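K.L.:
Numbering-wise (my numbering), the sequence shown opens with residue 4 and increments by one.
Cβ coordinates follow ideal geometry from the N, Cα and C atoms, glycine included.
Every value quoted in this text rests on a predicted model; they were computed, and no experiment measured them.
After the structure tokens below, expect a handful of questions from me.
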Amino acid sequence: MGNGEEIRWEYEAVEIGQTGPRFTLEITDELIVRYAQIVRNPNPAYAEDTAEDRDRQLKLAMPTMIFRIAPLRRWDIAAANGFTALERVSENSRQTPFAKCEVRWFAPIRVNDVITSYGHIVDKQVRRGNKFVTFRIEASNQNDEKVAEYDYTCIFEYAKGQHKRE
4 MGNGEEIRWE
14 YEAVEIGQTG
24 PRFTLEITDE
34 LIVRYAQIVR
44 NPNPAYAEDT
54 AEDRDRQLKL
64 AMPTMIFRIA
74 PLRRWDIAAA
84 NGFTALERVS
94 ENSRQTPFAK
104 CEVRWFAPIR
114 VNDVITSYGH
124 IVDKQVRRGN
134 KFVTFRIEAS
144 NQNDEKVAEY
154 DYTCIFEYAK
164 GQHKRE
């Protein structure tokens with residue numbers, strides 16, 4: 004991929020096992036509090052700690068934070084395998100719309116955890132002419148304990164004659 008040439012990561016170029024780089028994030032109280040504010044979650048369990056709160060067990064990350072803590076980063080998976088993601092190509096870019104997502108939890112994520120995640124391709128399917136790709140994002144803590152994983156499926160290509168939503 005020299006000289007700035009883009010190689011599009013089309014469905015035919017996607018292969019099961021393609022993997023992206025690792026991403027590491029330290030979980031802080033501020034990260035949890037800010038996320039709760041952004042998503043407008045009023046649960047006091049995610050609010051700023053008072054002095055008496057600090058005597059409690061360390062704060063847990065809310066379940067939906069997995070998408071912030073261990074982001075999908077499709078374009079990084081594409082780049083790690085010598086391609087440019089379809090959303091990022093300079094000409095005729097296009098989206099690969101969301102189809103479904105399934106999350107599995109194995110352990111809580113707490114303040115002071117250091118979470119490392121990576122994504123890889125686990126499945127390709129053609130159903131009714133539509134071409135689907137499933138990414139798996141796996142997240143582990145500083146003790147190398149798997150805390151969560153999620154499968155994110157998107158439509159890489161619509162069936163011929165089927166119109167995408169505008």
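Determine the contact status of residue 23 and residue 72, defining contact as a CB-CB distance below 7 Å.
P.N.:
No, Cβ-Cβ distance for residue 23 and residue 72 is not below 7 Å.
K.L.:
Which residues does DSSP list as the beta-bridge partners of residue 84?
P.N.:
According to DSSP, which records beta bridges pairwise, residue 84 is partnered with nothing at all.
K.L.:
Do the stretch 25–34 and the stretch 106–119 touch if we need at least three Cβ pairs shorter than 8 Å?
P.N.:
The stretch 25–34 is in contact with the stretch 106–119.
K.L.:
Below 8 Å on the Cβ atoms is my contact criterion, and I expect residue 191 with residue 64 to pass it. Report the Cβ-Cβ distance as a whole number of Å.
P.N.:
Any answer about residue 191 is impossible in this case: the structure gives the chain only from 4 up to 169.
K.L.:
What is the DSSP secondary structure of residue 152, reduced to helix, strand or coil?
P.N.:
The answer is strand: DSSP assigns residue 152 an E or B state.
K.L.:
Under DSSP, the beta strand (DSSP E) around residue 105 begins and ends at which residues?
P.N.:
Unbroken beta strand (DSSP E) run through residue 105: 101–108.
K.L.:
Thinking just about the alpha-carbon of each residue, which of 164, 149, 48 is nearest to the one in residue 121?
P.N.:
The candidate whose alpha carbon is nearest that of residue 121 is 149.
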